[in-house]
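Chains as they are written, first to last, in my numbering: chain L, 490 to 782; chain A, 7 to 260.
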Ligand SMILES: Nc1ncnc2c1ncn2[C@@H]1O[C@H](COP(=O)(O)OP(=O)(O)OP(=O)(O)O)[C@@H](O)[C@H]1O
Ligand SMILES: [Mg+2]
């Protein structure tokens with residue numbers, strides 16, 4: 490079909506899932522400026538939810554919907570308790586949530602403990618059909634991201650990402666906006682997780698660990714915080730790199746950590762920023778800090 | 007005249023420093039009140055207590071009879087407080103115009119969900135441009151605020167506060183960084199706003215302009231209120247003279 494080999498189809502499917510996952514974190518970190526080091530936990534909640542629901546005989550649609558709702562609800566709960574804290578503290582809290590998730594899943598026999606869940610039902614659509622399903626969700630996610638960026642919510646997120654205190658002074662309920670970003674981002678991560686579960690059909694706690702959280706953060710930062718197209722490109726590249734070049738898989742943490750660091754240090758605008766610098770367009774170096782009267 | 011804002015026995019303490027010491031004053035409807043005092047008097051701190059950026063140790067702040075002290079900043083702003091800060095805080099990831107237009111559209115951003123369903127900024131941008139013209143910086147509408155001099159950023163703060171269409175406008179040193187002519191012009195604009203019915207508290211070191219435009223003065227020194235009344239008699243009280251003579255007179259002489 491379409492002249493694509495089975496290998497290419499699975500590559501495109503993986504890319505599509507990674508794009509949805511990365512755009513989900515982009516809502517939180519890119520648009521709203523809230524760092525999360527435990528985003529893979531919500532991907533995992535989505536994967537486990539849909540896996541368990543469909544194994545219990547529910548149709549795929551119910552599994553996916555359940556994944557979105559569960560991940561979003563847990564996200565909302567985590568958000569309520571941790572979004573009042575300052576940026577750096579949020580990083581620690583979300584990292585804690587990530588480890589907590591792994592810890593619980595390992596011990597919880599109902600979801601297979603360390604052995605994980607196998608025999609997850611496929612989509613029933615065949616490999617190409619599933620690829621189209623993933624691409625369909627991918628397109629919807631991209632359209633939603635682009636809409637959000639243009640909306641007044643995106644406008645308010647810009648303000649909050651730049652300076653929370655000033656955002657309050659112009660009347661924005663910063664906590665509610667952050668909570669909204671977190672709920673949407675985690676729900677979308679749940680969608681990506683569900684698609685992942687039905688794609689690989691076997692999941693275990695290790696699939697949703699710290700490395701995955703760092704990987705997805707690297708996609709967002711490398712793509713260029715907040716730039717939808719930059720993040721799509723970074724997610725597509727970083728998700729297939731380890732498949733193309735086998736040895737990268739072993740050095741993932743090192744590679745992505747290094748890339749994260751290099752981007753933060755040399756091109757804070759990520760790929761999108763790099764493109765802006767290279768393309769002939771006026772770009773101004775920003776002076777930071779307040780100006781004292 | 008009815009009291010629009012009533013500050014009673016407000017005290018703000020930072021560790022051992024009492025920045026505001028049981029101060030009471032009120033703002034009448036339609037008034038242009040000058041709130042002055044030497045450096046470090048606690049003027050900005052009082053302003054921050056009113057807007058909720060700092061929490062008073064004790065005291066009460068009523069806006070049209072409603073207690074503000076327990077409310078978060080954004081609620082107070084939405085009840086009608088517009089705040090132009092001494093330390094300028096433009097959003098640096100937006101143009102000057104976008105800074106103001108976002109605030110003009112504050113009725114779209116009351117709840118995240120309704121904000122998500124609202125797109126389009128033309129009307130807000132048009133209004134924002136008018137406000138930039140009003141404060142005299144429309145030539146910088148499309149500029150990145152990081153590249154602008156202080157005089158522009160001060161007026162951006164004022165335009166942004168005005169964009170909220172507030173009942174009370176709180177201005178913390180809006181004239182700082184402006185040259186003589188610019189300061190005079192902006193002071194005239196403040197008078198116009200007041201004449202149009204807006205109640206204003208003006209914190210300012212430029213005493214020449216303060217004396218020219220304010221109908222009443224409150225003076226604070228070292229956290230204590232030392233005078234309250236019409237400008238002429240306030241400036242003639244010995245406590246006020248002592249407070250201003252006690253410090254380096256670089257500001258007071260203006
Ligand atoms: N966040 C803070 N933490 C600790 N001390 C503070 C803080 N803010 C203000 N102060 C102290 O409170 C006192 C009053 O400061 P404030 O800025 O309110 O004075 P001001 O009257 O606005 O002065 P200026 O005319 O120089 O702007 C000063 O001694 C200052 O050092
Ligand atoms: Mg001050």
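Note that beta-carbon positions come from the ideal geometry of N, C-alpha and C, so glycine has one too.
Ligand 2 and residue 160 of chain A: does any heavy atom of the ligand fall closer than 7 Å to the residue's C-beta? Counted from its first residue, the second chain places residue 160 of chain A at position 154. Not under cutoff, so the answer is no.
Under a CB-based cut-off of 8 Å, is residue 143 of chain A close to chain L? Within the second chain, residue 143 of chain A is the residue found at index 137, counting from 1. So, not an interface residue.
Which residues are close to ligand 2, meaning CB closer than 7 Å to any heavy atom, in chain order? Any heavy atom of ligand 2 within less than 7 Å of a residue's beta carbon puts that residue on the list, which reads A/49, A/50, A/92, A/178, A/179, A/209.
Where residue 126 of chain A and residue 589 of chain L are concerned, what is the direct C-alpha to C-alpha distance, given to the nearest angstrom? Translated into the one-based positions of the second chain, residue 126 of chain A becomes position 120. Translated into the one-based positions of the first chain, residue 589 of chain L becomes position 100. Spanning the two alpha carbons is a distance of roughly 42 Å.
Against chain A, which members of the stretch 514-528 of chain L pass a CB distance test of less than 7 Å? none
Please look up how many angstroms separate the CB atoms of residue 680 of chain L and residue 535 of chain L, rounded, as I've assumed it's under 8 Å. Counting from 1 along the first chain, the entry for residue 680 of chain L is found at position 191. Counting from 1 along the first chain, the entry for residue 535 of chain L is found at position 46. With a Cβ gap of about 6 Å, residue 680 of chain L and residue 535 of chain L count as contacting.
Where residue 73 of chain A falls: helix, strand or coil (DSSP): Reading the second chain from its first residue, position 67 is the one you call residue 73 of chain A. If DSSP states are grouped into helix, strand and coil, residue 73 of chain A belongs with the strands.
By Cβ distance below 7 Å, which residues in the same chain neighbour residue 502 of chain L in space, the five residues on each side in sequence not counted? Residue numbering aside, residue 502 of chain L sits at position 13 when the first chain is read from its first letter. 619, 620, 623, 688.
Would you say residue 558 of chain L lies against chain A (beta-carbon separation less than 8 Å)? Residue 558 of chain L sits at position 69 when you count from the first residue of the first chain. For residue 558 of chain L, the answer is no, since every Cβ of chain A falls outside 8 Å of its Cβ.
Per the contact definition of three or more C-beta pairs closer than 8 Å, is the stretch 103-110 of chain A in contact with the stretch 161-177 of chain A? yes
Interface residues of chain A facing residue 642 of chain L [CB-CB closer than 7 Å]: Here the question's residue 642 of chain L lines up with position 153 in the first chain. Chain A residues near residue 642 of chain L: 118, 121, 122.
Shorter than 8 Å from the beta carbon of residue 11 of chain A to some beta carbon of chain L? To locate residue 11 of chain A, count along the second chain from 1; it is residue 5. Chain L, which has no Cβ nearer than 8 Å to the Cβ of residue 11 of chain A, makes this no.
Cutoff 8 Å: residue 99 of chain A Cβ touching any chain L Cβ: In the second chain, the residue the question calls residue 99 of chain A occupies position 93. Yes, because at least one Cβ of chain L sits closer than 8 Å to the Cβ of residue 99 of chain A.
Contact between the stretch 200-208 of chain A and the stretch 109-125 of chain A: three or more CB pairs below 8 Å? no
Look at the Cβ atom of residue 177 of chain A, then the Cβ atom of residue 90 of chain A, and state whether they are nearer than 8 Å. What you label residue 177 of chain A is simply residue 171 of the second chain in a count that begins at 1. What you label residue 90 of chain A is simply residue 84 of the second chain in a count that begins at 1. Yes, Cβ-Cβ distance for residue 177 of chain A and residue 90 of chain A is below 8 Å.
Which residue's Cα is closest to the Cα of residue 709 of chain L: L/730, L/732, L/749? Taking the first residue of the first chain as position 1, residue 709 of chain L is located at position 220. Of the candidates L/730, L/732, L/749, the one whose C-alpha sits nearest the C-alpha of residue 709 of chain L is L/749.
Nearest to residue 1 of chain A (by Cα), restricted to the options A/25, A/147, A/52, A/143: Residue numbering for chain A in the displayed model covers 7 to 260; residue 1 of chain A lies beyond these limits and cannot be assessed.
Of all Cβ atoms in chain L, is any one closer than 8 Å to the Cβ of residue 259 of chain A? What you label residue 259 of chain A is simply residue 253 of the second chain in a count that begins at 1. Residue placement at residue 259 of chain A is flagged as unreliable, the pLDDT there being 41, under the threshold of 50; a coordinate-derived value is accordingly withheld.
Chain-ordered chain A contacts of residue 666 of chain L [CB-CB under 7 Å]: Taking the first chain and counting its residues from 1, the one referred to as residue 666 of chain L is at position 177. Residues of chain A whose Cβ lies closer than 7 Å to the Cβ of residue 666 of chain L are, in chain order, 118.
Comparing alpha-carbon positions, which option in L/641, L/643, L/633, L/651 lies nearest residue 151 of chain A? Residue numbering aside, residue 151 of chain A sits at position 145 when the second chain is read from its first letter. Of the listed residues, the one whose Cα sits closest to residue 151 of chain A is L/651.
Where residue 231 of chain A falls: helix, strand or coil (DSSP): Numbered from its first residue, the second chain carries residue 231 of chain A at position 225. Correct three-state label for residue 231 of chain A: strand.
Verify the contact flag: residue 46 of chain A, CB atom, against every heavy atom of ligand 1, threshold strictly below 7 Å. By 1-based counting over the second chain, the position of residue 46 of chain A is 40. The answer is yes for residue 46 of chain A.
Measuring alpha carbon to alpha carbon, tell me which of A/122, A/251, A/158, A/170 ends up nearest residue 133 of chain A. If you number the second chain from 1, residue 133 of chain A lands on position 127. Among A/122, A/251, A/158, A/170, the Cα nearest to that of residue 133 of chain A belongs to A/170.
Look up residue 42 of chain A in the DSSP assignment and give the residues it is bridged to. Position 36 of the second chain holds residue 42 of chain A. Note: residue 42 of chain A sits in a beta bridge opposite A/225.
Contacts that residue 135 of chain A makes with chain L (C-beta to C-beta distance below 8 Å): Stepping through the second chain from its first residue, residue 135 of chain A is reached at position 129. In chain order: nothing, as chain L lies at least about 17 Å away.
Applying the 10 Å Cβ sphere with the 16-neighbour rule, what's the burial state of residue 777 of chain L? Here residue 777 of chain L refers to the residue found at position 288 when the first chain is read from its first residue. At residue 777 of chain L the pLDDT is 36, less than 50, meaning the model places this residue with poor confidence and gives no usable figure here.
What is the rounded straight-line gap between the Cα of residue 593 of chain L and the Cα of residue 27 of chain A? For the purposes of this step, residue 593 of chain L is taken as residue 104 along the first chain, with counting starting at 1. For the purposes of this step, residue 27 of chain A is taken as residue 21 along the second chain, with counting starting at 1. For residue 593 of chain L and residue 27 of chain A, the distance between alpha carbons rounds to 53 Å.
Would you please state the rounded distance, in angstroms, between the beta carbons of residue 68 of chain A and residue 33 of chain A? I believe it to be under 8 Å. Start at 1 with the first residue of the second chain, and residue 68 of chain A comes out as number 62. Start at 1 with the first residue of the second chain, and residue 33 of chain A comes out as number 27. The pair is not a contact, with the Cβ atoms about 11 Å apart (cut-off 8 Å).
At 4 residues or longer, what runs of the alpha helix (DSSP H) sit wholly inside the stretch 669-752 of chain L? 699-712, 717-733
Measure the alpha-carbon distance for residue 698 of chain L versus residue 560 of chain L and round it to whole angstroms. As a position in the first chain, residue 698 of chain L is number 209, starting the count at 1. As a position in the first chain, residue 560 of chain L is number 71, starting the count at 1. So the two alpha carbons sit approximately 16 Å from each other.
Quick check on residue 88 of chain A: does DSSP put it in helix, strand or coil? The sequence position of residue 88 of chain A within the second chain is 82, counting from 1. In the structure shown, residue 88 of chain A sits in a strand (DSSP, three-state: E or B).
Does ligand 1 have a heavy atom nearer than 7 Å to the CB of residue 249 of chain A? Walking along the second chain from the start, residue 249 of chain A turns up at place 243. No; taking the cut-off as 7 Å, the Cβ of residue 249 of chain A has no heavy atom of ligand 1 nearer than that.
Considering only C-alpha positions, which residue in the set L/506, L/511, L/500 is nearest to residue 706 of chain L? Position 217 of the first chain, counted from the start, is the residue given in the question as residue 706 of chain L. Nearest of L/506, L/511, L/500 to residue 706 of chain L, Cα basis: L/511.
Is it right to say residue 522 of chain L is buried, meaning 16 or more other beta carbons lie within 10 angstroms of its own, or is it exposed? Residue mapping note: residue 522 of chain L aligns to position 33 of the first chain, counting from 1. Buried: at least 16 other Cβ atoms inside 10 Å.
Flag residue 655 of chain L as yes if its beta-carbon sits less than 8 Å from any beta-carbon of chain A, otherwise no. Indexing the first chain from 1 puts residue 655 of chain L at position 166. Yes, because at least one Cβ of chain A sits closer than 8 Å to the Cβ of residue 655 of chain L.
Are residue 539 of chain L and residue 683 of chain L close, meaning C-beta to C-beta below 8 Å? Position 50 of the first chain, counting from 1, holds the residue named residue 539 of chain L. Position 194 of the first chain, counting from 1, holds the residue named residue 683 of chain L. In this structure, residue 683 of chain L lies closer than 8 Å to residue 539 of chain L by Cβ.
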